[in-house]
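Below is one structure, written out as structure tokens; the observations come after it.
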Amino acid sequence: MSIESFKDAVTSLNERIKSEYSVYETGPIMDGALDLEEYFKSNLKIMWLMKEGYGDDFSYPDLFMKEFSKFTKDLVFGGPKNTWQPIVYVTYGILNNYMKFETMDNLKILKDEEIIKQTLNKIVFVNIQKSPSVTGSNTDMRNIHNSNNNLLRNKLLWEQINLLNPKIIICGNTFSVIKNDLGNPNQHQFNSKEEFVHHYIIGDRIYVDPNHPEITQARHQMDKGRYIDDIVRTVKKCLEI
Numbered sequence: 081m082s083i084e085s086f087k088d089a090v091t092s093l094n095e096r097i098k099s100e101y102s103v104y105e106t107g108p109i110m111d112g113a114l115d116l117e118e119y120f121k122s123n124l125k126i127m128w129l130m131k132e133g134y135g136d137d138f139s140y141p142d143l144f145m146k147e148f149s150k151f152t153k154d155l156v157f158g159g160p161k162n163t164w165q166p167i168v169y170v171t172y173g174i175l176n177n178y179m180k181f182e183t184m185d186n187l188k189i190l191k192d193e194e195i196i197k198q199t200l201n202k203i204v205f206v207n208i209q210k211s212p213s214v215t216g217s218n219t220d221m222r223n224i225h226n227s228n229n230n231l232l233r234n235k236l237l238w239e240q241i242n243l244l245n246p247k248i249i250i251c252g253n254t255f256s257v258i259k260n261d262l263g264n265p266n267q268h269q270f271n272s273k274e275e276f277v278h279h280y281i282i283g284d285r286i287y288v289d290p291n292h293p294e295i296t297q298a299r300h301q302m303d304k305g306r307y308i309d310d311i312v313r314t315v316k317k318c319l320e321i
């Protein structure tokens, strides 16, 4: 598929998503590849599959492409920073020879806006439930399951996933929502004493099932470095198979 055909297919699908979510609601929070061209060219395509967005309807890709400084201010360093900063670290670590958190932290990668941009432009950010959250920043998982159980919305979600065709899907506490769609697979196991995040290898795709990145907030007492390194280590091991 050419980049032009890819862009056309994404645009067409996005219009169908907007139409479906606008029937009874104000409209969806649009997601997908933050930078379509850079994602298309990436040798290792990574998707973060999250629950839902917060606030009024908007577009993550539009904000990223048109107002990147606002994107970093509002998301990477704003209210959702406990989601987006681990996403930056994990993605950068995977794409840079499986770098450990301590090394990335010492390099102060979050101090360089260009590094953040060149990291996030390689990913897809997708929410299962595309309407703005009706429960604020505390997601009610019943709403996520209900959205995924809607036949049309489930179909559109999987069309989106398959069109974007990531090699790696990192689930932000969402694998339980899509597990039935995948035939309730068993966890993949390595014969190793190393610690790995729960993961599944289905066809040519790797699904990694960590907690949501916000688990690294101080109040949850989950060490940020361990969270990041465990995901990076798991992806590395899976790709070595």
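Residue numbers for the sequence shown follow my numbering, beginning at 81 and rising by one.
Quick reminder that beta carbons are idealized off the backbone N, C-alpha and C, glycines included.
Judged by DSSP in its simplified three-state form, residue 287 adopts strand. Judged by beta-carbon spacing, residue 252 lies within the 8 angstroms limit of residue 128, meaning their Cβ atoms are closer than that value.
Of all C-beta pairs linking the region 141-154 to the region 266-283, fewer than three are shorter than 8 angstroms, placing the two stretches out of contact. Note that the C-beta distance between residue 255 and residue 317 is not below 8 angstroms.
Beta bridge pairing from DSSP links residue 318 with no other residue. By the neighbour-count criterion, in which a residue is buried when 16 or more other Cβ atoms sit within 10 angstroms of its Cβ, residue 81 is exposed. Bounds of the alpha helix (DSSP H) holding residue 236 are 231-244. In this structure, the straight-line span from the alpha carbon of residue 232 to that of residue 136 is close to 23 angstroms.
Uninterrupted beta strand (DSSP E) stretches at least 3 residues long and entirely within the region 145-214 occur at 203-209, given in chain order.
DSSP places residue 102 in the coil class of the three-state scheme, outside both helix and strand.
Of 175, 315, 263 and 294, the smallest CA-CA separation from residue 166 is found for 294.
Boundaries for residue 131: no alpha helix (DSSP H) harbours it, while the beta strand (DSSP E) harbouring it runs 126-132, taken from the DSSP string. When only Cα atoms are considered, residue 226 and residue 114 end up about 26 angstroms apart.
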